[in-house]
Structure formats: C-alpha cells, structure tokens
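> Handing you this structure, nothing more for now.
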Amino acid sequence: MAAQTRRTGSRHRRPHRVLIFVGPLILLPLCVLGILNYGQKISYFLRPIWDTPPATFKRIPHYYAENVSVDHLCSLHGWSKLARPRRIYDAIIFSNEVDLLDIRWHELYPLVTKFIVLEANTTFTGKPKPLLFALNQDRFAFARSKIVSGVFPGRIAKSGSYEDPFQLESEQRIAMNALIRRSGISNGDMLIMSDTDEIPSLNTLRLLQWCDGVPPVLHLELRHYMYSFEFSVDYSSWRATTHIFGPQTRYRHSRQTDLIFSDAGWHCSFCFRRIDDFVLKMTGYSHADRVRREEFLSHKRIQNLICRGEDLFDMLPEEYTFQELIKKLGPIPRSTSAVHLPAYLLENADKFRFLLPGGCQRGR
Ligand SMILES: *[C@@H]1O[C@H](CO)[C@@H](O)[C@H](O)[C@H]1NC(C)=O
Ligand SMILES: *[C@@H]1O[C@H](CO)[C@@H](O)[C@H](O)[C@H]1NC(C)=O
0 MAAQTRRTGS RHRRPHRVLI FVGPLILLPL CVLGILNYGQ KISYFLRPIW DTPPATFKRI
60 PHYYAENVSV DHLCSLHGWS KLARPRRIYD AIIFSNEVDL LDIRWHELYP LVTKFIVLEA
120 NTTFTGKPKP LLFALNQDRF AFARSKIVSG VFPGRIAKSG SYEDPFQLES EQRIAMNALI
180 RRSGISNGDM LIMSDTDEIP SLNTLRLLQW CDGVPPVLHL ELRHYMYSFE FSVDYSSWRA
240 TTHIFGPQTR YRHSRQTDLI FSDAGWHCSF CFRRIDDFVL KMTGYSHADR VRREEFLSHK
300 RIQNLICRGE DLFDMLPEEY TFQELIKKLG PIPRSTSAVH LPAYLLENAD KFRFLLPGGC
360 QRGR
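Taking numbering that gives the first Met the number 0, the leading residue of the sequence shown gets 0, the next gets one more, and so forth.
Structure below.
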C-alpha cells in the first residue's frame with residue numbers, strides 16, 4: 000500500500016514542482032496585501048504578546064447613596080469632614096464637544112467656582128477649526144460669571160501633511176497652565192484636569208471638596224461610553240484627575256499616580272449630535288492616523304457604525320490579555336439603562352435624544 004501511494008505520489012511530482020515555484024509567487028503578494036490591509040489588526044490581536052499592560056492602579060472604594068450625609072460618607076472613606084468645602088476649578092481643553100460641554104457645566108455648576116476653558120483655532124493635527132465655544136456663547140450664558148476662557152493660536156499644517164498632534168497638544172497644556180494661574184486659584188483649592196467628555200459626577204466632587212484626607216492627586220475611574228449612553232464599553236477610563244492645587248501643579252492628561260477613585264463619573268467618547276462633528280474629531284485628534292482610508296469618513300458608513308456600536312476605525316480593542324480581547328471582540332452591546340446619568344441630560348431628554356437609548360440616528 001505504502002509503496003503504491005509513494006509511486007502515485009511520484010507520478011504527480013511534476014505539477015508539484017511547478018507549485019513549489021509558482022506557489023510563493025502567488026502567496027507572497029497575497030501575504031503582503033494581507034499584512035498591508037490587516038497589519039494593524041494582526042498586531043492588535045497579538046498585543047498581549049508584544050505589549051505590557053500599564054501598571055495597575057490602586058482602587059479607592061467609593062461609597063455613595065442619596066441622602067447619606069457628607070459627614071458619614073467622609074468617614075466611610077477614612078476621611079474627616081472639613082469645616083468649609085474646598086473651592087473647585089474645572090479646567091478643560093475644548094475641541095468640538097459642544098453638547099457634552101453643556102451637560103458637563105450644568106452638572107458641575109452648583110459646586111464649581113470657575114470653569115477654565117482653552118480653545119484652539121486649529122485641531123491637534125493642524126487643520127483650521129471654527130472657535131465653537133466662542134460661537135456658542137448663548138448656550139453657555141448661564142455660566143458666564145464663572146467662565147475663564149482663552150484662545151490658543153494653533154498652526155496650520157502644509158496641505159497634504161499633518162502637524163505632530165502630540166506637539167500641539169503639549170503646547171496647549173503649557174498655555175493652559177498660564178490660564179489656570181489667571182483664574183484666581185489658590186493653594187489648597189481643588190483643580191479638575193480632564194477632557195470635555197470626561198465628566199465627574201456631582202456627588203464625587205461634593206465628597207472630594209468636603210473631606211479632609213483626600214489624596215493630593217487622584218485619578219477618576221469613569222464609566223466609558225461610546226457614541227451615546229446607550230453603548231456602555233467598560234470602566235476603563237482613567238485619565239481624568241483631581242488635584243489639591245499647589246505650586247508644583249501642572250496641567251497633564253496622563254498617568255500621574257497609582258491611586259484611582261472608583262465609579263466617579265462618565266466618559267462619553269464620540270458623543271456627537273451631527274456626523275460632521277464625527278468627521279472633524281476623526282481627522283483632528285491625536286489619533287487621526289487611524290483614518291487609513293477616505294471611505295472611513297463617509298457619512299453613511301459612520302451612521303451605520305454608530306447604530307451598530309461598531310468601531311469607527313475598524314480596529315480591535317486595545318487589550319493586554321487574550322481573555323479581555325476576546326471578550327470585547329465585536330460590537331458594543333446595547334444598553335437600555337439610562338439610570339445614574341447626569342441630571343441635566345435627563346431633565347432635557349428631548350434636546351439630547353441622540354445620547355439616550357434608541358437615539359442612534361444623527362443629523363448631518
Ligand atoms: C432625603 O432627605 C430629604 C430631606 O431631609 C427628604 O425630604 C427625602 O424624603 C429624603 N429622601 C430619601 C430617598 O430618603
Ligand atoms: C489663529 O489665531 C491666531 C492669533 O489670533 C491667528 O494669527 C491665526 O491666523 C489664527 N488661525 C486660524 C486658522 O484662524
């Protein structure tokens with residue numbers, strides 16, 4: 000039997016040989032095409048092998064229920080209550096999140112002393128950008144007496160190229176330090192450093208402003224949403240921080256300490272009312288290189304992805320273990336919960352339908 004098979008095999012040796020030569024000629028370009036097209040996917044899928052996860056945070060448990068006194072809440076955290084609350088300054092670098100700014104400032108208004116907002120007239124990638132904060136003054140008139148605003152003169156990139164977004168971003172943080180010092184902040188006040196779409200909850204801030212013993216620098220662990228509060232991704236958002244202000248305090252949006260305060264608010268990414276705002280953000284932010292094909296910016300494609308809870312850049316989740324990665328493959332599951340969201344959002348549900356369950360259709 001074996002000999003016979005071998006003989007049959009040898010009879011086919013000729014075409015085999017041809018395959019040995021032609022095969023690679025066909026396969027090689029296919030591989031190259033595959034790697035060009037899917038290289039990023041392959042590399043993201045293998046992230047658990049080539050990347051090490053960021054050092055883990057030490058989570059501070061967070062206690063809160065309606066109507067429990069601040070006194071008691073402070074003591075549950077091992078802190079004591081101050082005689083007077085700290086003043087709070089909220090500093091953001093604004094791009095084009097007009098609706099989230101509206102929700103943010105209404106949420107924080109009762110406790111914040113000054114809203115510090117810096118807006119650039121270009122995107123981080125060096126494209127001209129209308130001064131959307133300045134153009135929407137009317138919507139923010141309710142907070143006028145608390146606003147300290149500044150404009151950052153950006154640079155326009157030569158046509159066909161990008162400015163280095165991380166360079167422009169870091170220059171804006173320096174300009175932000177100057178603006179903060181002009182706001183009237185004093186040592187011992189509380190300063191929030193976050194993006195517009197990273198919104199601490201009111202009860203978190205009340206606790207941090209009233210309790211003695213709060214760490215001087217604290218990350219805020221925020222519930223992460225994508226496109227609206229209908230698509231709840233996970234708890235992974237950590238970049239927002241609170242600082243007890245001192246001479247060394249500098250505006251940053253990166254890892255600053257190992258401590259993180261649990262369940263401290265919301266981070267709603269790409270939560271825009273109009274598709275044009277998605278396009279502006281996709282081409283203007285620090286990861287604009289993720290727009291790998293012109294079709295990524297097609298309105299129809301973006302609208303479909305929003306309603307399906309799928310990724311705008313056709314990317315895999317950034318995870319550091321295969322278990323987490325596989326758990327998160329595929330679209331973000333839809334949620335029908337609109338519980339524990341910013342109060343102003345629910346009080347004005349008609350105005351913000353697009354952020355609530357069932358509201359995925361956007362205007363241009
Ligand atoms: C919370 O406290 C207020 C005032 O003390 C009271 O009127 C209200 O019924 C309380 N709510 C709950 C849920 O206990
Ligand atoms: C941005 O502002 C600066 C300073 O006002 C100005 O010189 C520059 O032309 C502006 N750029 C754009 C794109 O509007």
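Glycine is no exception: its CB is placed at the ideal position from the N, C-alpha and C atoms. It should be emphasised that the depicted structure is a prediction, and the values quoted were computed from it without experimental measurement.
Can you tell me whether N347 sits near ligand 2, meaning its C-beta is under 7 Å from at least one heavy atom of the ligand?
No, since every heavy atom of ligand 2 falls outside the 7 Å radius drawn around the Cβ of N347.
> Let me know if H15 comes out buried or exposed under the rule of 16 or more other beta-carbons within 10 Å of its beta-carbon.
The residue is exposed, with fewer than 16 neighbouring Cβ atoms inside 10 Å.
> Quick check on W265: does DSSP put it in helix, strand or coil?
W265 falls in the strand class under three-state DSSP.
> Report yes if the CB atom of F123 is closer than 8 Å to the CB atom of E168, and no otherwise.
It is a contact, given that the beta carbons lie within the stated cut-off.
> Please output, in chain order, the residues near ligand 2 using a CB cut-off of less than 5 Å to any non-hydrogen atom of the ligand.
Every residue passing the under-5 Å Cβ criterion appears here: N120, P127, P152.
> Going by alpha carbons, who is nearest to D70 out of L206, S42, Q166, F151?
For D70, the nearest C-alpha among the options comes from L206.
> Which residue or residues does DSSP assign as beta-bridge partners of M225?
Looking at the DSSP assignment, M225 forms a beta bridge with S268.
> L178 bridges to which residues according to DSSP?
Beta-bridge pairing links L178 to no other residue.
> Less than 8 Å between the beta carbons of M189 and Q208, yes or no?
Yes, the pair counts as a contact, with Cβ atoms nearer than the cut-off.
> Specify the secondary structure class of I173 as computed by DSSP and reduced to three states.
Helix at I173.
> Please tell me whether Q171 and L258 are closer than 8 Å, where the distance is taken between their beta carbons.
Not a contact, by the Cβ cut-off of 8 Å.
> Please return the same chain residues whose Cβ sits closer than 8 Å to the Cβ of M314, not counting the five positions on each side in sequence.
The answer, listed in chain order, is Q39, K40, Y43, R289.
> Is A1 helix, strand or coil when you go by DSSP?
Bear in mind that a pLDDT of 45 at A1, under 50, signals an unreliable position, so the number given afterwards is only what the model happens to contain. If DSSP states are grouped into helix, strand and coil, A1 belongs with the helices.
> Whole-angstrom Cβ separation of P199 and L178, contact assumed at under 8 Å?
That pair is no contact at about 20 Å.
> L45 and L204: beta carbons closer than 8 Å?
It is not a contact, given that the beta carbons lie outside the stated cut-off.
> Drop a sphere of 10 angstroms on the beta-carbon of T51, count the other beta-carbons inside from all chains shown, and report buried for 16 or more, exposed for fewer.
Its Cβ having fewer than 16 others within 10 Å, T51 is exposed.
> Taking only beta-carbon atoms, is D101 less than 8 Å away from chain D?
The chain labelled as chain D is not found in the depicted structure, where only one protein chain is given.
> On the three-state DSSP scale, how would you describe G33?
Looking at G33 - three-state DSSP - the assignment turns out to be helix.
> State buried or exposed for G33, treating a residue as buried only when at least 16 other CB atoms are found within 10 Å of its CB.
G33 comes out exposed.
> May I ask you to verify whether the stretch 149-161 touches the stretch 119-134, counting CB pairs closer than 8 Å and requiring at least 3?
The answer is yes - the stretch 119-134 touches the stretch 149-161, with three or more Cβ pairs under 8 Å.
> Alpha carbon to alpha carbon, what distance is there between R300 and Y37?
Each residue's alpha carbon lies about 19 Å from the other.
> Quick check on K57: buried or exposed, where buried means 16 or more other Cβ atoms within 10 Å of its Cβ?
K57 is exposed by the Cβ-count criterion.
> Report the three-state DSSP secondary structure of I102 (helix, strand or coil).
Helix, per DSSP.
> Could you pull the start and end residues of the alpha helix (DSSP H) that H298 belongs to?
Start and end: 298-307.
> I want to know whether the stretch 85-101 touches the stretch 224-239 - three or more CB-CB distances under 8 Å.
Too few Cβ pairs lie closer than 8 Å, so no.
> Note the first and the last residue of the continuous beta strand (DSSP E) segment covering G149.
It spans 146-151 - the beta strand (DSSP E) in which G149 sits, taken as one unbroken run.
> Answer yes or no: the CB of T195 versus the heavy atoms of ligand 4, is any distance below 7 Å?
Annotation note on ligand 4: not contained in the displayed structure, which lists ligand 1 and ligand 2 as its ligands.
> Would you mind working out which of D163, I191, G187 sits nearest M175, comparing C-alpha positions?
Ranking the options by Cα distance to M175, first place goes to I191.
> Using only the alpha-carbon positions, how far apart do G187 and Y161 sit?
Each residue's Cα considered, the two are about 40 Å apart.
> I'd like the list of long-range same chain contacts for A2, defined as Cβ closer than 6 Å, with 5 residues on each side in sequence excluded.
Low per-residue confidence applies at A2: pLDDT is 45, beneath 50, and the placement is therefore not dependable enough to give any value.
> Can you check which of these residues, R222, H298, L134, A82, is closest to G264 by C-alpha distance?
The shortest C-alpha separation from G264 is found at R222.
> What three-state label does DSSP hand H15 in the structure shown?
Helix.
> Which whole-angstrom value describes the C-beta separation of L201 and P109, a residue pair presumed to lie in contact below a C-beta threshold of 8 Å?
About 7 Å; that satisfies the 8 Å criterion.
> Where does Y88 land, buried or exposed, given buried means 16+ other C-beta within 10 angstroms?
Label assigned to Y88: buried.
> To the nearest whole angstrom, what separates the beta carbons of I305 and R361, a pair I think is in contact under 8 Å?
That belief holds up - the Cβ atoms of I305 and R361 are roughly 7 Å apart, short of 8 Å.
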